[in-house]
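Trainee:
There are 2 protein chains.
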Amino acid sequence: MPKPDPDTPAKADVRPLRGRPRSEDSHGAILDAVLALLEGEGYRALTIESVARQAGVGKQTIYRWWKSKAELVLEAYANHAASKLPLPDKGSLRADLEWFFCSAFKRLTDISGPTMRGLMADAVYDPEFLEILREVLIAKRRAALYQVLERGRVRGELSPDADLDVMIDLLFGALWYRLLLQHAKLDSRFAKQLVGSVLDGFTPR
Amino acid sequence: MPKPDPDTPAKADVRPLRGRPRSEDSHGAILDAVLALLEGEGYRALTIESVARQAGVGKQTIYRWWKSKAELVLEAYANHAASKLPLPDKGSLRADLEWFFCSAFKRLTDISGPTMRGLMADAVYDPEFLEILREVLIAKRRAALYQVLERGRVRGELSPDADLDVMIDLLFGALWYRLLLQHAKLDSRFAKQLVGSVLDGFTPR
DNA sequence: TAACATACGAGACGTTGCGTATCGATTTGC
DNA sequence: GCAAATCGATACGCAACGTCTCGTATGTTA
Chain A
1 MPKPDPDTPA KADVRPLRGR PRSEDSHGAI LDAVLALLEG EGYRALTIES VARQAGVGKQ
61 TIYRWWKSKA ELVLEAYANH AASKLPLPDK GSLRADLEWF FCSAFKRLTD ISGPTMRGLM
121 ADAVYDPEFL EILREVLIAK RRAALYQVLE RGRVRGELSP DADLDVMIDL LFGALWYRLL
181 LQHAKLDSRF AKQLVGSVLD GFTPR
Chain B
1 MPKPDPDTPA KADVRPLRGR PRSEDSHGAI LDAVLALLEG EGYRALTIES VARQAGVGKQ
61 TIYRWWKSKA ELVLEAYANH AASKLPLPDK GSLRADLEWF FCSAFKRLTD ISGPTMRGLM
121 ADAVYDPEFL EILREVLIAK RRAALYQVLE RGRVRGELSP DADLDVMIDL LFGALWYRLL
181 LQHAKLDSRF AKQLVGSVLD GFTPR
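Chains as they are written, first to last, in my numbering: chain A, 1 to 205; chain B, 1 to 205.
1. Work out the CA separation of residue 75 of chain A and residue 17 of chain B for me, nearest whole Å.
2. Helix, strand or coil: which one does DSSP assign to residue 61 of chain B?
3. With 7 Å as the C-beta to C-beta threshold (strictly closer), list the residues of the segment 150-170 of chain A near chain B in chain order.
4. For residue 143 of chain B, is the classification buried or exposed, using 16 other Cβ atoms within 10 angstroms of its Cβ as the cut-off for buried?
5. Count Cβ pairs between the segment 156-163 of chain B and the segment 146-164 of chain A that sit closer than 8 Å; are there 3 or more?
6. From residue 110 of chain B to residue 19 of chain B, what does the alpha carbon distance come to, in whole angstroms?
7. Taking the C-alpha atoms as reference points, what is the distance between residue 186 of chain B and residue 173 of chain A?
8. Under a three-way DSSP split, which group does residue 140 of chain A fall into?
9. Which same chain residues end up closer than 7 Å to residue 90 of chain B when comparing Cβ atoms and leaving out the 5 residues on each side of it in sequence?
10. Quick check: does the Cβ of residue 45 of chain B come within less than 7 Å of any heavy atom belonging to the ligand HEM?
11. Could you check the C-alpha separation between residue 176 of chain B and residue 21 of chain A for me, to the nearest Å?
12. Closer than 8 Å, Cβ to any Cβ of chain A: which residues of the segment 100-132 of chain B, in chain order?
13. What three-state label does DSSP hand residue 163 of chain A in the structure shown?
14. Hey, residue 119 of chain A and residue 133 of chain A are a contact pair by Cβ (cut 8 Å); roughly how many whole angstroms apart?
15. Threshold first: 4 residues or longer. Then list the alpha helix (DSSP H) segments lying entirely within the segment 76-122 of chain B, N to C.
16. From residue 182 of chain B to residue 136 of chain A, what distance separates their C-alpha atoms?
17. Ends of the alpha helix (DSSP H) at residue 53 of chain A?
18. Could you spell out where the alpha helix (DSSP H) holding residue 25 of chain A opens and where it closes?
19. Taking Cβ positions, are residue 54 of chain A and residue 31 of chain A nearer each other than 8 Å?
20. Classify residue 63 of chain A: buried if its beta carbon has 16 or more other beta carbons within 10 angstroms, exposed otherwise.
21. Can you list the residues of chain A that residue 177 of chain B reaches, using a CB-CB cut of under 8 Å?
22. For residue 195 of chain A, which residues of its own chain have a beta-carbon under 7 Å away from its beta-carbon, when the five flanking residues on both sides are left out?
23. So what's residue 187 of chain A in DSSP terms, helix, strand or just coil?
24. Just to make sure I have the definition right: I need the residues of chain B whose C-beta is within less than 7 Å of the C-beta of residue 204 of chain A. Which are they?
25. Helix, strand or coil for residue 156 of chain A? Go by DSSP, reduced to three states.
26. Cα-Cα, which of B/59, B/65 and B/168 is closest to residue 140 of chain B?
27. So, for residue 2 of chain B: in the same chain, excluding its five sequence neighbours on each side, which residues have a beta-carbon less than 8 Å away from its beta-carbon?
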């Protein structure tokens with residue numbers, strides 16, 4: 001049974017009250033630099049050293065606040081493109097889902113695809129970051145989709161005993177599978193196929 | 001229009017007839033070393049230098065025949081665990097699929113999971129390797145599943161107009177999604193849920 | 001048998017990015 | 001004023017990369 005250590009508070013992000021406070025300028029400059037480098041060179045070419053250079057900041061200032069490149073990118077990216085998840089109500093679950101995935105595919109194809117792939121790749125090598133990725137980004141998207149599905153269930157468009165989590169695994173799974181392997185396009189046609197398949201199944205009705 | 005260069009044959013793997021031939025001993029020792037290191041230290045700790053050390057081989061001998069760590073691991077792994085894909089015929093498509101995914105999940109959970117995740121991560125950063133991964137490993141598994149599905153279609157257990165490729169994206173997608181994110185177990189329960197969902201759909205029947 | 005072509009093990013080499021450590025200067029609370 | 005924590009800057013050792021060059025070995029060709 002580990003006894004609590006009075007020297008180290010339970011939460012590490014409890015800022016001390018004395019000493020020079022964190023520079024908000026540097027904080028912002030770092031996140032801006034991350035976005036600029038992501039846009040320009042891509043996720044792979046982005047290194048801690050390049051961020052420090054671009055932001056005009058010491059490396060230690062980055063390492064002080066973020067544990068890894070992936071964590072840094074995730075914060076910059078989440079702040080940037082977050083909470084733009086559309087939750088349309090187009091009257092039918094089918095239409096809502098098609099719209100949800102059409103817009104998700106569009107963003108992935110136009111902008112965020114490479115970064116998402118990079119984040120997933122880093123998560124493979126860094127269990128701690130995997131947890132953050134799951135809880136910050138993935139969980140948010142799953143929750144959004146869950147909301148759409150739940151609304152459909154209330155309207156009686158889903159079996160009452162449908163397991164929404166499995167449904168989410170199927171839908172997002174197919175999305176990531178194509179995103180990662182790049183064997184086929186993420187387009188509106190695929191969105192419709194996806195939604196149709198999951199709603200109707202593949203057996204004759 | 002690029003004119004053909006007489007010095008470089010169309011296929012780079014046309015071995016010249018003169019000079020010292022490739023050492024089969026070294027070739028084997030390298031692949032063995034890869035498997036031993038994968039087993040012992042895992043995919044991440046495996047480096048070209050560690051393979052050379054373990055195999056008692058010069059680095060150049062590795063670089064001469066393989067372009068990347070991922071390519072090397074893929075060959076070692078494919079040779080090792082390949083073509084053991086079971087294609088059961090248990091009478092019904094549902095049973096066949098459940099068996100297919102139960103055994104796939106079992107192998108991923110017991111043995112190959114970490115290596116597969118590593119290969120996928122490397123493919124994100126290396127488009128050339130992504131193509132190899134797709135064509136050597138992914139395509140093989142897709143073909144196996146396709147065969148199972150096709151047999152079910154012939155038996156009338158699938159809609160005649162079912163798009164089997166989309167179905168495969170859904171099934172393998174969910175597998176990879178859970179394998180990569182590790183938010184839930186890959187167990188026989190999930191296999192049954194997966195198969196049931198895809199066959200029956202989520203709307204009331 | 002001699003010349004040639006290529007592979008071999010070994011390891012030096014320059015490069016990159018990592019993460020840590022230290023510097024003097026700065027900015028806050030006490 | 002002093003302690004504490006930050007800042008930008010940069011030096012450091014480390015690990016692995018991928019290239020290159022040794023001297024040697026092992027084939028084919030003439």
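Just so you know, even glycine gets a beta-carbon here, dropped at the ideal spot from N, CA and C.
Here the structure is a predicted model, which means the values were calculated and not measured.
Mentor: A quick look at the data gives this:
1. One-based indexing of the second sequence puts residue 17 of chain B at position 17. One-based indexing of the first sequence puts residue 75 of chain A at position 75. About 56 Å.
2. Working through the second sequence from its first residue, we reach residue 61 of chain B at position 61. Of the three classes helix, strand and coil, the one that applies to residue 61 of chain B here is helix, per DSSP.
3. 157, 158, 159, 162, 163, 166, 167, 169 and 170
4. For this step, residue 143 of chain B is matched to residue 143 along the second sequence. Result: exposed.
5. no
6. Within the second sequence, the letter at position 110 stands for residue 110 of chain B. Within the second sequence, the letter at position 19 stands for residue 19 of chain B. When rounded, the distance between both Cα atoms is 45 Å.
7. The count along the second sequence starts at 1 and reaches residue 186 of chain B at position 186. The count along the first sequence starts at 1 and reaches residue 173 of chain A at position 173. Going by the C-alpha atoms only, they are around 13 Å apart.
8. Reading the first sequence from its first residue, position 140 is the one you call residue 140 of chain A. DSSP places residue 140 of chain A in helix when its eight states are reduced to three.
9. For the purposes of this step, residue 90 of chain B is taken as the residue at position 90 of the second sequence. The answer, listed in chain order, is 96 and 99.
10. By its list of ligands, the structure shown contains no ligand whatsoever, and the ligand HEM lies outside what it can speak to.
11. Position 176 of the second sequence, counted from the start, is the residue given in the question as residue 176 of chain B. Position 21 of the first sequence, counted from the start, is the residue given in the question as residue 21 of chain A. Approximately 44 Å between the Cα atoms of the pair.
12. 117, 118, 120, 121, 122, 123, 124, 125 and 130
13. Along the first sequence, read from residue 1 onward, the residue named residue 163 of chain A stands at position 163. Looking at residue 163 of chain A - three-state DSSP - the assignment turns out to be coil, as it is neither helix nor strand.
14. Taking the first sequence and counting its residues from 1, the one referred to as residue 119 of chain A is at position 119. Taking the first sequence and counting its residues from 1, the one referred to as residue 133 of chain A is at position 133. Right, the Cβ-Cβ distance comes to about 6 Å (below 8 Å), so this counts as a contact.
15. 93-107
16. Taking the second sequence and counting its residues from 1, one reaches residue 182 of chain B at position 182. Taking the first sequence and counting its residues from 1, one reaches residue 136 of chain A at position 136. Looking at the two C-alpha atoms, the distance is approximately 15 Å.
17. Here the question's residue 53 of chain A lines up with position 53 in the first sequence. Residues 48-55.
18. Mapped onto the first sequence, residue 25 of chain A falls at position 25. Run containing residue 25 of chain A: 24-40, per the alpha helix (DSSP H) assignment.
19. Start at 1 with the first residue of the first sequence, and residue 54 of chain A comes out as number 54. Start at 1 with the first residue of the first sequence, and residue 31 of chain A comes out as number 31. No, the pair does not count as a contact, with Cβ atoms beyond the cut-off.
20. Numbered from its first residue, the first sequence carries residue 63 of chain A at position 63. Exposed, because fewer than 16 other Cβ atoms sit within 10 Å of the Cβ of residue 63 of chain A.
21. Stepping through the second sequence from its first residue, residue 177 of chain B is reached at position 177. Result: 169, 172, 173, 176 and 177.
22. Translated into the one-based positions of the first sequence, residue 195 of chain A becomes position 195. Only 94, 97, 98 and 101 meet the Cβ criterion.
23. Residue numbering aside, residue 187 of chain A sits at position 187 when the first sequence is read from its first letter. Coil at residue 187 of chain A, not helix or strand.
24. Within the first sequence, the letter at position 204 stands for residue 204 of chain A. In chain order: 159.
25. Here residue 156 of chain A refers to the residue found at position 156 of the first sequence. Coil, per DSSP.
26. Against the second sequence, residue 140 of chain B aligns to sequence position 140. Residue B/168 is the option with its Cα nearest to residue 140 of chain B.
27. In the second sequence, counting from the first residue as 1, residue 2 of chain B sits at position 2. Residue placement at residue 2 of chain B is poorly supported in this model, since its pLDDT is 37, which falls under 50; the coordinates are not used for a value here.
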